[in-house]
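Since the structure comes first, as C-alpha cells, the remarks are kept for the end.
Protein chains: 2
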Amino acid sequence: MSPATPPKSIQWVGGVDGHVLMIDQTRLPTELAMIQCRDTETMWEAIKHLRVRGAPAIGIAAAMGTVLGVRDYGGSDRHGFLSYLDQICDYLGTSRPTGVNLFWALDRMRQHARSTETDDIGALKLALLDEAKRIRDEDAAMCRAIGKYGEPLIRPDCGVLTHCNAGGLATAEYGTALAPLYTAHELGRPFCVYVGETRPLLQGSRLTAWELQQAGIEVTVLCDSMAGALMKQGRVNLVITGADRIAANGDVANKIGTYSLAVLARAHGIPFYVASPSSSFDPSISDGSGIPIEERDPDEVRCGFGRLTTPPDVACYCPAFDVTPADLIRGIVTERGLIQPVNGEIIAEMLGD
Amino acid sequence: MSPATPPKSIQWVGGVDGHVLMIDQTRLPTELAMIQCRDTETMWEAIKHLRVRGAPAIGIAAAMGTVLGVRDYGGSDRHGFLSYLDQICDYLGTSRPTGVNLFWALDRMRQHARSTETDDIGALKLALLDEAKRIRDEDAAMCRAIGKYGEPLIRPDCGVLTHCNAGGLATAEYGTALAPLYTAHELGRPFCVYVGETRPLLQGSRLTAWELQQAGIEVTVLCDSMAGALMKQGRVNLVITGADRIAANGDVANKIGTYSLAVLARAHGIPFYVASPSSSFDPSISDGSGIPIEERDPDEVRCGFGRLTTPPDVACYCPAFDVTPADLIRGIVTERGLIQPVNGEIIAEMLGD
C-alpha cells in the first residue's frame, strides 16, 4: 500500500476560466468540506473567516483571488486593467490586514502585471494565473526541500512531538514542521507523532491531527500539559515545530507553548528542532527580545469553544507566541539546508547571498 | 476593608432536623447556585454528578448524608438503627465507588454509632450529626494548619502559580495548596495568583479562578502551555500545587501537568512547593514509580468543551495524573509542618508516631 499524500489546502482547477478549490479549515476536523471560489468576494470571505489560514496558504489564496477578480475586466485598455487589478488587490488586502504574506503576494501580482509587456488583456490575465500558480508551486517546492533536509531526523520507530499546525493546511502542501514527517512517511519509515492540542485555538488537535491522519501517519493528541509526562515515559525522541519569526541569532518566535516544550525537551535530553523557510528569518532583529509578542483577546482563554470556562470577568494571560532561545534549539531545517548548531554566524552564512 | 473569606463548599445548617447546604460545583464558574440537601437521595445524586467534588469535601458530604438518612428511622431498636445506618452507608458508597475518602468517612460514621453506647435513638442520631460536623471541622482545622505553615512562603508582592483546584471547594474550606494563599491574604499581604486552566477538565479556570476571585485575591488564568513564557518573564516567584498521593521518598502524584510545571520551575530557578495533608502520604509506596496512573476517557481530550475538537476517532493520551520526583520539590507543606528538604528520612520523621 503506498502511503497517502498530505492534503492539498488550495489548488487552481482548469484554465483561466477555472476556479479555486480549497479546504474549508473552519469545518475541520469533523468535516472535510471543499470551497469552490469563482469570484473575489468568495475568496475575501474565505480569508477573512479563516476558511483558509496559515501565512503561505493565505498568500496563495490572495494571489489566486486576484485572478478570479480580473476576469471580470471587460475592457481592452492595459492601463484600465492595471487600475482594476489594483482595486482588487486593495480589496483583498482588507481581508486580514496584518498578514505579511497576504501583502507580499498581492504586491507580487501587481508587479508581475506591470512587468508583463503586452497590451493583450487575455495574455495579461493568463500571465497573472501563471504567476499565482508559480507562487503556489514555489511554496510547495520550498516545503518539499524542508522535507528533504529534515527527513533524516525522523529515525525509524521514533516518537515525534509537534505543536500547533505547521503543516500542509498552512501551506501549498507538506507544510514546514510536518514536511520532514511526510517525507519520511513516503519513504516508508515507521514512526508515530504526538501533537499537543495547542490551546487556546487548538490548531494541533483540530488541524495537525486531522492532516496527519489523512496521510495515514499514526498520530496521538494530548493536552499541552501532558507533554512533560509523555517525555518522562521515554515516548518522545524528537520535538519539531515551525516558526513565526527567527531573529539573527537564532531565537525563534512561535506559537505559545513552544518555549515550554523546548525547556522540557532539554530537561529530558530530547533534541528540539525548528523547521521553517529562510523567509522567516528577520536579520533586522538581533535576538528574541526584539520580537514583538501579540497579546490576544482574553476571550480565547475564557470561552474558546463557545462556552464560558472561567468566571466571566476574570483576567487572562493570552500571548499568541513565545520566544525559544537559540541555545535550546538543536537545529533549524530550512529549504536551503540544516542550520546546526544554531548561532548567528551559521545563520548568516546559510542566508548570505 | 477586611478581606473576603474563601467560600464554604459544604455546611450543616440547624440541628438534627436541619439540612446540608452545598455549592453546586457543576454550575460554576458562571453561577453560584446552592443545593439544599434534606435527604440521602439528593446527597447521593450530588456526589454522583460531581455537584460536590474534591476528596475531603466528598467525605464530609457522605458523612452528612448518613445523618440525613438515619432521621427517617422511626423505630426504637438500637440494632435496627445500626442496620438501617449500614444500608444508608452502602447506598451512599455506590455514588462514587472509587473514592477513598468517601469510604473512610462512611466507615467512621458506622464505627461512631457502634461505639456510642446508648439505646436512645435520638441520642444516636445526634451523635452522628456531631461526628459528621467533627469530620468537617477536622478538615477545616487541617486546612488552616497547612495555611499557617505555608503562609510564610507567600512573599509580599510575589506571583504564585498554581494548578488544578486544591482549594476551598475541594475541602471544608481553605483547601490545601490554596490555604497558604488565603492565610497570607487574611494577613493583608499583597500578591497575585496565576492559575493554569488545567486541561482536560479545567478545574483551574472553572473552580480555582472562581474561588480566589470570590475571596478578593487577584487572579489571572492562563492556558497550561503558557506557564513557561510566564516564568521566563519573571512573573512567577513560587509554584504551589496539591497532591493526590505522595510516596515514602517524597515523589508526588498530582493532576496531569504538575510535573511539567515542576521541570519549568527548576529551569527558571523558581521554588516548587506541594501542600497536602499528611494523610496523602502512602508509606507503602517507596517511590513514584509505584503509584498507579489512571488513564482517563479519551473523550475528555477529544471533546472537553462540549464540542468535538479533534478528528472523531483519533487516539488520545489522557493520563489523570503525573508524578513529580522529590528532587524537583523544594518543600511539602502539611498540617504538621513544612517538610524541607524533601526526602524519605525527613518524611518518616514528620509522619512518625
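So the sequences go chain by chain: A and B. For the first sequence, position 202 (counting from the first letter as 1) is numbered 202 according to our numbering, and the numbering increases by one without interruption. Position in the second sequence (from 1) plus 1000 gives the number in our numbering. Glycine included, C-beta positions come from ideal geometry on N, C-alpha and C.
Item: Boundaries (first-last residue) of the beta strand (DSSP E) holding E218/A; Value: 218–222
Item: Same chain, Cβ closer than 7 Å to E1335/B, five either side skipped, listed in chain order; Value: M1142, A1145, I1146, P1277, S1278
Item: CB contact below 8 Å: P1006/B versus chain A; Value: no
Item: Enclosing alpha helix (DSSP H) for K48/A [first to last residue]; Value: 40–48
Item: 8 Å CB neighbourhood of T1040/B in its chain, flanking five on each side removed; Value: G1065, T1066, L1068, G1069, I1088, Y1091, L1092
Item: Cross-chain neighbours of G1196/B in chain A, by beta carbon under 8 Å; Value: S225
Item: Nearest candidate by alpha-carbon position, reference V1195/B, set P29/A, H49/A, T26/A, Y317/A; Value: Y317/A
Item: Cross-strand partners of C1164/B (DSSP beta bridge); Value: Its beta-bridge partners do not exist; DSSP assigns none.
Item: Terminal residues of the beta strand (DSSP E) in which G1337/B lies; Value: 1337–1339
Item: Contact between the region 194–213 of chain A and the region 1238–1256 of chain B (3+ Cβ pairs under 8 Å); Value: no
Item: Proximity of Y1355/B and P1006/B at Cβ, strictly below 8 Å; Value: What the structure shows of chain B is the stretch from 1001 to 1353, and residue 1355/B is not part of that stretch, so it cannot be assessed.
Item: Buried or exposed by the 16-neighbour rule on C-beta atoms within 10 Å, applied to P1319/B; Value: buried
Item: Nearest-angstrom Cα separation, counted from R27/A out to D10/A; Value: Inspection of the sequence shows that residue 10/A is occupied by Ile rather than by Asp. Rounded to the nearest angstrom, the two C-alpha atoms are 15 Å apart.
Item: Which listed residue (Q1213/B, S1083/B, G1234/B) has its alpha carbon closest to that of D1157/B; Value: G1234/B
Item: Beta carbon proximity, W44/A to chain B, threshold 8 Å; Value: no
Item: Contacts that C316/A makes with chain B (C-beta to C-beta distance below 8 Å); Value: T1220, V1221, L1222
Item: Straight-line gap, T1162/B to V1252/B (C-alpha atoms, nearest Å); Value: 15 Å
Item: Pairwise C-alpha distance: V1193/B and T313/A; Value: Per the sequence presented here, residue 313/A reads as Asp, with Thr not at that position. So the two alpha carbons sit approximately 15 Å from each other.
Item: Residue-chain proximity (A132/A, chain B), Cβ-Cβ < 8 Å; Value: no
Item: Beta-carbon spacing of G1242/B, A1177/B below 8 Å; Value: yes
Item: Every unbroken beta strand (DSSP E) within the region 106–170 of chain A, with a cutoff of 3 residues, ordered by chain; Value: 158–162
Item: Close beta carbons around T94/A, own chain, < 8 Å, minus the five adjacent residues each side; Value: W44
Item: Residues that DSSP places opposite H1185/B in a beta bridge; Value: In DSSP, H1185/B forms no bridge with anything.
Item: Within-8 Å CB hit, F305/A to chain B; Value: yes
Item: Any C-beta of chain A under 8 Å from that of S1205/B; Value: yes
Item: Opening and closing residue of the beta strand (DSSP E) in which K1255/B lies; Value: 1252–1255
Item: Residues within the region 248–269 of chain A neighbouring chain B, beta-carbon criterion of under 9 Å; Value: K255, I256, G257, T258, Y259, S260, L261, A262, V263, L264, R266, A267, H268
Item: Distance, C1164/B Cα to L106/A Cα; Value: 47 Å
Item: For T1324/B, the residue or residues it bridges with in DSSP; Value: V1252/B
Item: Chain-ordered residues of the region 166–200 of chain A with a beta carbon less than 8 Å from chain B; Value: Y194, G196, E197, T198, R199, P200
Item: Where F1103/B falls: helix, strand or coil (DSSP); Value: helix
Item: Beta carbon of T198/A nearer than 8 Å to that of G122/A; Value: no
Item: Assigned exposure category for P190/A - 16 Cβ within 10 Å defines buried; Value: exposed
Item: Candidates L21/A, G304/A, Y273/A, of which the one nearest E151/A by Cα; Value: Y273/A
Item: Whole-Å CB distance - Q25/A paired with R71/A, under 8 Å assumed; Value: Q25/A to R71/A, Cβ: 25 Å. No contact.
Item: CB contact check: A1312/B to chain A, cutoff 8 Å; Value: Checking the sequence, you will find Pro at residue 1312/B rather than Ala. Yes, its Cβ sits closer than 8 Å to a Cβ of chain A.
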